[in-house]
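Working notes for the structure below.
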Amino acid sequence: MSNDIDIKVFRFDPENDKEPKYVDYKVPYVDGMVVLDAVRYVEEKIDPTISIRWNCKAGKCGSCSAEINGHPSLMCKTRVDEIGKNITVAPMAAFPLVKDLVTDISKNWEIARKIPLLTPREGLEKPWRINPKDVERSKEFKRCIECFLCMDVCHVVREHFTPYFGPRHIVKAASWDMHPLDGLDRSKMLNDEGGMGYCNITKCCTEVCPEHIKITDNAIIQEKERAVDRKYDPIAMVIKNRRKKEKVM
Amino acid sequence: MADEIKTVETDVLVIGAGGAGMRAAISVNDAGLKVVMVTKSLLGKAHTVMAEGGIAAALGNVDPQDNWTVHYGDIIEEGVYISDWRMAEFLGKEAPERVLELERYGALFDRTPDGRIMQRAFGAHTYRRLAHVGDRTGLELIKTLEDQVLHRDITFYDEMYITNLLTKDGKIIGAFGIKMTTGEFFVFKSKATVIATGGSGRVYKVTSNSWESTGDGIGMAYRAGVKLRDMEMIQFHPTGMVYPPGVKGLLVTEGVRGEGGILLNSKGERFMLKYSPQKKELDARDVVARANYKEITEGRGTEHGGVYLDITHKSPDYIKHKLPAMYQQFLEFAGVDITKEKMEVAPTVHYMMGGIEVEAETERTNIENLFAAGEVASGLHGANRLGGNSLADILVFGKRAGDAASNYARSASLTDVPKEFIDREISYVKGFFKEDAKNPYDLIDRLTSCMSDNVGIVRDADHLKKAIEIIDGLKNEFREVGTKGMIRYNHGLLGCLELSNMLISCEAITHCALMREESRGAHTRSDFPKKDKNWKKNIITYLGADGKMTYEVQPVDPMPKEYEQYVKPEVYE
């Protein structure tokens, strides 16, 4: 590929502009460039007032989330040679807009505060011993870089006013629930307070995760099953109780 | 109309929210005091997140012979005898407990077969010492501390850019900031303040550092009269990506070599056998970086100006399990499958050993109520940092700084901020809004090129003098930089503010590099290729009474006799 790329960037300052608009910029193509390179070119060479958020430029910090050609993506990981030279960049729609491509993601901190941290079972000997195999399950969830693209793509979070915590936060809770030494079960609170029932497992979150976490299958469905086990399933309860008694004997 | 100013009062103000800042804030919270933490980026995005290989701590889980004295010896020897011995002692002794504490907070480390925390080999560590979470240890560390911050009574303001510390009667009375998302001005009033803002890696063109590592803490401290130390000591990591151009400089973890990766030149020679027959690829970073540099400059480099790093002799499953982030990084950014193909790598600016001079026990600066921890501080790493010691550093000294700031704040009181201080800051910020101003990014581009071209991995007087000339010219041009639009989330404005700090780091790095007429650790002078015993010293930099950058040379504080047994004696040619 050579020549320029045409990039349309969403511009809107809610405090001063009447309505949002897309502004066209021409940016020279460089081999291997990513969308963030193009947007930063605009910022550094054309218009320094454009508001963008980025930090590591290495796919590790999760700051530069945006909707690229309508697809929630990290700008730093989206290669131009994979999506073509006509590019449209818009901010995440699930969060309140600050300006241009920057959104206010602070509601995630409010939700995060509601999910109990690791609560080790009582009587564990220190320093802790953990079987290497037992680390693996929770490890998948700990890859999360909090880009919040899963929150952005989730139609429940995006379009409906529900108490649903959203995929990122179920992943967080699952990372503790599946920690080998944790003594809590967060599934009930995820269901009751966290509105997990609103998720109808369309798996959109899994598709956009830049860390390839199987959010729906490995976190949400697992937590839903646990919650159902506890709450509604009398047969499961009987089996569980019997198992408990057998252990005691 | 007068600007609306928001005022926030706190016992301890922590500036920076990477590992050191968050660990310091946790300490203040543990002490039962009010803490406010501010950060230039979003919570949880700080440069700590980029750390890959692990945390160095002499737990002795894999090699039971390891203990704090061996770790201590490694730090002093590889820091080429100009480290602060007390800081090395604290790190060696306290890192294990900080790692176990992190585990209790929820971090989930890789395990040994018998269930203890796994430790991997790393360059110039005598024993396998790095506790790790695959090659994403920094992410685990920062998310674990972030959880603590969110679940404790710790107030934080993210995307808050601090323009200056506020100084009165020789003490820090607070700081002035701009909330980027709203454009509001904030005055923070504090009894004690901790700076934990990280390094200045972005003053170089090719760097592994995040956007925010522009040395803001160095700049604000210097302007407040704080002493800096060993600013010439810049670590080049041996292995950064070289292709494609957009990711040039991006880190390739030392973990690749720790797991058995070897370096090859374009002739297929394993050249580290020549440069370091004993430690080979796992020698200290300065040794391996210079070897890579030499192979490249002498014409044995690869197509894109690097050398090869090869781990294909390990099984694909092993590589994907041990180095998942590297596998993904090369596949996604470069289209290279590291289980089948060699990586192309070259040295990249990675870390500042120099920074704010602190007292070892409390991390106090020469200002009695200002503390500094993490990469922004200096002393521990001397002339060369060992891999994994930075994550240990931020936890050990973040905690110590938080503890000491709390102790100070407990018996101190707040000071009113005079109105003229606030007016001065506001007019400084607003002064950048002007017509026909110079674009700060053009200047930053020239500054970073100047540093990479003239103050790089191998230095000499001619290039350093040339750099000083360029930096002086840019300091003059800085008066003309500016932006347009409004204060809120304006990268042009941030570029101006950051540039003022970058210029301070560059001036200090270059002058100190010119002064140190020897080669020691990361500082290599082609015109003074040998280590010189007269330079077993630290260079101190500060703002002189005449308004000029001033330098002093001071001898290294000698370690106690009984500690000498832990360290090989220093040898001079």
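In order, the protein sequence lines correspond to chains A and B. Taking this note's numbering, the leading residue of the first sequence gets 1, the next gets one more, and so forth. Taking this note's numbering, the leading residue of the second sequence gets 1001, the next gets one more, and so forth. Ideal Cβ placement from N, Cα and C applies to all residues, glycine included.
- Check the Cβ-Cβ distances between M1050(B) and every residue of chain A, and say whether any is below 7 Å. yes
- Message: According to DSSP, is Y1542(B) part of a helix, a strand, or is it coil?
- Response: strand
- Message: Output needed for C1496(B): all residues of its chain with C-beta closer than 7 Å, excluding positions within five of it in sequence on either side, in chain order.
- Response: F1432, P1440, V1481, G1482 and T1483
- Below-7 Å beta-carbon distance, S73(A) vs any chain B residue: no
- Query: In chain B, which residues lie with their C-beta within 7 Å of the C-beta of K139(A)?
  - Reply: L1108
- Item | Same chain, Cβ closer than 7 Å to E1552(B), neighbours up to 5 away in sequence not counted | I1540
- Give, in chain order, every unbroken run of the alpha helix (DSSP H) that is at least 4 residues long and sits entirely within the region 1232-1297 of chain B. 1255-1258, 1272-1275 and 1285-1297
- Task: Give a yes or no on whether 7 Å exceeds the smallest Cβ distance from A58(A) to chain B.
- Result: yes
- Message: Quick check on this structure: which residue in S175(A), G183(A), H179(A) and Y198(A) has the alpha carbon closest to the alpha carbon of F161(A)?
- Response: Y198(A)
- Message: Please report the distance separating the alpha-carbon of M1(A) from that of I83(A).
- Response: At M1(A), the pLDDT of 47 sits below 50, so the modelled position is not reliable; the number obtained from the coordinates is stated separately. Rounded to whole angstroms, M1(A) to I83(A) spans 12 Å at the Cα level.
- Please list the partners that L118(A) has in chain B, where partner means a Cβ-to-Cβ separation under 7 Å. G1106
- Task: Compute the distance between the beta-carbons of V1012(B) and V1028(B), then report whether it is under 7 Å.
- Result: yes
- Task: Taking all protein chains shown into account, decide if G1170(B) is buried (16 or more other Cβ within 10 angstroms of its Cβ) or exposed.
- Result: exposed
- For Q1065(B), name the three-state secondary structure that DSSP assigns. coil
- Query: Looking at G1138(B) and the ligand ATP, is the gap between the Cβ and the nearest heavy atom below 6 Å?
  - Reply: As presented, the structure is devoid of all ligands, the ligand ATP included, so that no description of it is given.
- Item | Expected contact under 8 Å - CB spacing of L1395(B) and I1172(B) to nearest Å | Not really, about 24 Å apart at Cβ, beyond 8 Å.
- Task: Could you list the residues in the region 1045-1070 of chain B with a C-beta less than 7 Å from some C-beta on chain A, going in chain order?
- Result: K1045, V1049 and M1050
- Message: Tell me which residues share the same chain as L1493(B) and place their Cβ nearer than 6 Å to its Cβ, disregarding the 5 neighbours each side in the sequence.
- Response: F1432 and T1483
- Query: Out of curiosity, what's the CA-to-CA distance linking M1001(B) and S1500(B)?
  - Reply: Any reading at M1001(B) needs caution, since the residue's pLDDT is 47, under 50, leaving its predicted position unreliable; the model's value is listed next. Approximately 28 Å between the Cα atoms of the pair.
- Message: I want to verify the contact list: residues of chain B whose CB lies under 8 Å from the CB of M92(A), in sequence order.
- Response: Those do not exist, as M92(A) stays about 13 Å from chain B at its closest Cβ, beyond 8 Å.
- Item | Between the CA atoms of I220(A) and P167(A) - distance to the nearest angstrom | 7 Å
- Query: Hey, quick one: how far does the beta strand (DSSP E) through T1163(B) stretch, first residue to last?
  - Reply: M1160 to K1168
- What did DSSP end up calling P132(A) once you bin it into helix, strand or coil? helix
- Can we say the region 1042-1051 of chain B touches the region 1006-1026 of chain B, given the rule of at least three CB pairs closer than 8 Å? yes
- Member of K1548(B), M1549(B) and E1570(B) whose CA lies at the smallest distance from the CA of P1558(B): E1570(B)
- Query: Is there a Cβ from chain A that is less than 7 Å from the Cβ of H1491(B)?
  - Reply: yes
- Item | Minimum Cβ-Cβ distance from I46(A) to chain B less than 7 Å | no
- Task: Measure the C-alpha to C-alpha separation of G1215(B) and N69(A) and round it to an integer number of angstroms.
- Result: 36 Å
- Query: Where does Q1554(B) land, buried or exposed, given buried means 16+ other C-beta within 10 angstroms?
  - Reply: exposed
- Would you call the region 1502-1522 of chain B and the region 1360-1374 of chain B in contact, with 3 or more CB pairs under 8 Å? no
- Using a Cβ cut-off of 7 Å (strictly closer), state whether P96(A) contacts chain B. no
- When the Cα of D1310(B) is compared with those of I1218(B), D1317(B), S1190(B) and E1281(B), which residue comes out closest? E1281(B)
- Query: If you compare alpha carbons, which of G1388(B), S1200(B) and A1196(B) is closest to L1091(B)?
  - Reply: G1388(B)
- Message: Closest to L1220(B) by C-alpha separation, out of G1054(B), H1237(B) and T1167(B), would be which residue?
- Response: The residue asked about is misnamed: residue 1220(B) is Met in this sequence, not Leu. Cα-wise, what sits closest to M1220(B) is T1167(B).
- Query: With 7 Å set as the bound, which would you pick, yes or no: does the beta-carbon of W1535(B) sit closer than that to a beta-carbon of chain A?
  - Reply: no
- Query: Relative to the alpha-carbon of A1522(B), which residue among G1547(B), V1287(B) and M1118(B) has its alpha-carbon at the smallest distance?
  - Reply: V1287(B)
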